[in-house]
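Chemist:
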DNA sequence: TTTACATATGAGCACTTGTTCATATGTTTG
DNA sequence: CAAACATATGAACAAGTGCTCATATGTAAA
């Protein structure tokens with residue numbers, strides 16, 4: 012007996028649809044990576060950082076100031092954003108400047124805003 | 012002294028940029044809602060459910076079968092997806108059928124896939 | 001080199017989250 | 001009505017996450 016011993020007898024399952032879903036499903040790694048990507052967008056501090064970077068390239072210190080958060084907290088989040096390739100960084104003297112890595116960030120955020128503003 | 016007592020003296024802040032960021036920032040509620048929305052996409056079980064629903068409208072039982080997960084786990088996740096208005100449901104006899112709520116889901120997922128496949 | 005500043009990072013803790021298990025609700029059939 | 005089935009939901013627990021604090025690294029000025 013499988014997981015569904017007490018649910019969903021054979022006659023009620025739409026077997027052909029389930030098979031189609033299983034056939035079309037992206038591979039396990041892609042699914043995992045996709046969820047990991049959205050997880051990065053799923054924190055209000057990181058969202059605020061990304062929106063701040065819509066305006067301009069900013070140094071860590073600027074971002075801390077704009078968000079009213081400690082440099083450490085912001086720096087930790089910036090690393091996560093950088094690991095996911097959502098932002099890129101550039102050192103200029105003592106400062107490190109961050110900016111958006113590509114257009115996907117903007118598109119994804121715009122679609123998200125569209126959705127919540129309905 | 013504020014939060015930044017030991018960091019980022021006045022001369023190093025790009026005050027005009029910070030002010031611009033503060034002025035253009037969406038209100039607190041929108042930022043929070045946006046992060047909440049992406050948080051929903053940020054779980055591989057929910058991503059798998061959404062991708063399954065790309066193919067067809069499915070009942071809870073079909074989804075459990077396709078994902079190889081218990082009915083309870085799937086049902087909990089479906090409620091989260093429904094609360095965020097990413098899926099909608101329709102009862103037909105004993106079954107409840109779920110489908111994608113609107114096109115934003117597809118667009119957001121497609122952009123996400125684009126990003127990770129680069 | 002020493003000092004000061006900007007940023008990065010590791011450890012620890014409080015809080016959140018996904019699953020399981022047990023059970024409740026809703027629907028159809030006998 | 002009772003029994004069977006599909007789905008929903010509350011509680012509890014393990015695993016993950018974001019912040020703080022302390023400290024390390026990197027860079028420029030004295």
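Residue numbers (our numbering), protein chains in the order written: chain A, 12 to 129; chain B, 12 to 129. No residue lacks a Cβ here, since even glycine has one placed at the ideal position from N, Cα and C. Since the structure is predicted, the reported quantities are computational estimates derived from the model, not experimental observations.
Within its chain, find whatever has a CB closer than 8 angstroms to the CB of residue 72 of chain A; leave out the 5 residues flanking it on each side and keep chain order.
Modeler: As a first step, residue 72 of chain A must be located in the first chain, where it is residue number 61. Counting only Cβ-Cβ distances below 8 angstroms, and skipping sequence neighbours, we find 82 and 106.
Chemist: Mind checking whether the beta-carbon of residue 71 of chain A lies closer than 6 angstroms to any heavy atom of the ligand GTP?
Modeler: In terms of ligand content, the structure shown is empty, and the ligand GTP therefore cannot be addressed.
Chemist: Please name the residues in the stretch 89-107 of chain B whose beta-carbon is closer than 9 angstroms to at least one beta-carbon of chain A, in chain order.
Modeler: Within the stretch 89-107 of chain B, the qualifying residues are 95, 96, 97, 105 and 106.
Chemist: Taking residue 26 of chain B as the reference, which of A:123, A:49, A:42 and A:68 has the closest Cα?
Modeler: To locate residue 26 of chain B, count along the second chain from 1; it is residue 15. It is A:68.
Chemist: Distance check for residue 76 of chain A and residue 46 of chain A, CA to CA, integer angstroms please.
Modeler: Translated into the one-based positions of the first chain, residue 46 of chain A becomes position 35. Translated into the one-based positions of the first chain, residue 76 of chain A becomes position 65. Spanning the two alpha carbons is a distance of roughly 30 angstroms.
Chemist: Consult DSSP for residue 95 of chain A and reduce its assignment to one of helix, strand or coil.
Modeler: Here the question's residue 95 of chain A lines up with position 84 in the first chain. Looking at residue 95 of chain A - three-state DSSP - the assignment turns out to be coil, as it is neither helix nor strand.
Chemist: Note down, in chain order, all residues in the stretch 31-51 of chain B with a beta-carbon under 8 angstroms from any beta-carbon belonging to chain A.
Modeler: From the stretch 31-51 of chain B, only 31, 32, 33, 35, 36, 37, 41, 42, 43, 44, 45, 46, 47, 48, 49, 50 and 51 have a Cβ closer than 8 angstroms to chain A.
Chemist: Mind listing which residues of the stretch 54-66 of chain A have their C-beta closer than 7 angstroms to chain B's C-betas, in chain order?
Modeler: If the cut-off is 7 angstroms between Cβ atoms, the stretch 54-66 of chain A has 54, 55, 58, 59, 62, 63 and 66 near chain B.
Chemist: For residue 128 of chain A, does the count of other Cβ atoms within 10 angstroms reach 16, so buried, or fall short, so exposed?
Modeler: Here residue 128 of chain A refers to the residue found at position 117 of the first chain. Residue 128 of chain A is exposed by the Cβ-count criterion.
Chemist: May I ask you to report which of helix, strand or coil DSSP gives residue 36 of chain A?
Modeler: Residue 36 of chain A sits at position 25 when you count from the first residue of the first chain. Reduced to three states, the DSSP call for residue 36 of chain A is coil.
Chemist: In the DSSP assignment, find the beta strand (DSSP E) that holds residue 111 of chain A and state where it starts and stops.
Modeler: Mapped onto the first chain, residue 111 of chain A falls at position 100. Element bounds for residue 111 of chain A: 106-111.
Chemist: Leaving out five residues before and five after residue 49 of chain A in sequence, what residues of the same chain have Cβ atoms less than 7 angstroms from its Cβ?
Modeler: The residue given as residue 49 of chain A occupies position 38 in the first chain. Nothing meets the Cβ criterion.
Chemist: Between the stretch 111-122 of chain B and the stretch 59-68 of chain B, do at least 3 Cβ pairs fall closer than 8 angstroms?
Modeler: Yes, the stretch 111-122 of chain B touches the stretch 59-68 of chain B.
Chemist: What is the DSSP secondary structure of residue 68 of chain A, counted as helix, strand or coil?
Modeler: As a first step, residue 68 of chain A must be located in the first chain, where it is residue number 57. DSSP places residue 68 of chain A in coil when its eight states are reduced to three.
Chemist: Which class does residue 103 of chain A belong to by DSSP, given the choice of helix, strand or coil?
Modeler: Within the first chain, numbered from 1, the residue matching residue 103 of chain A stands at position 92. Here residue 103 of chain A sits in strand by DSSP.
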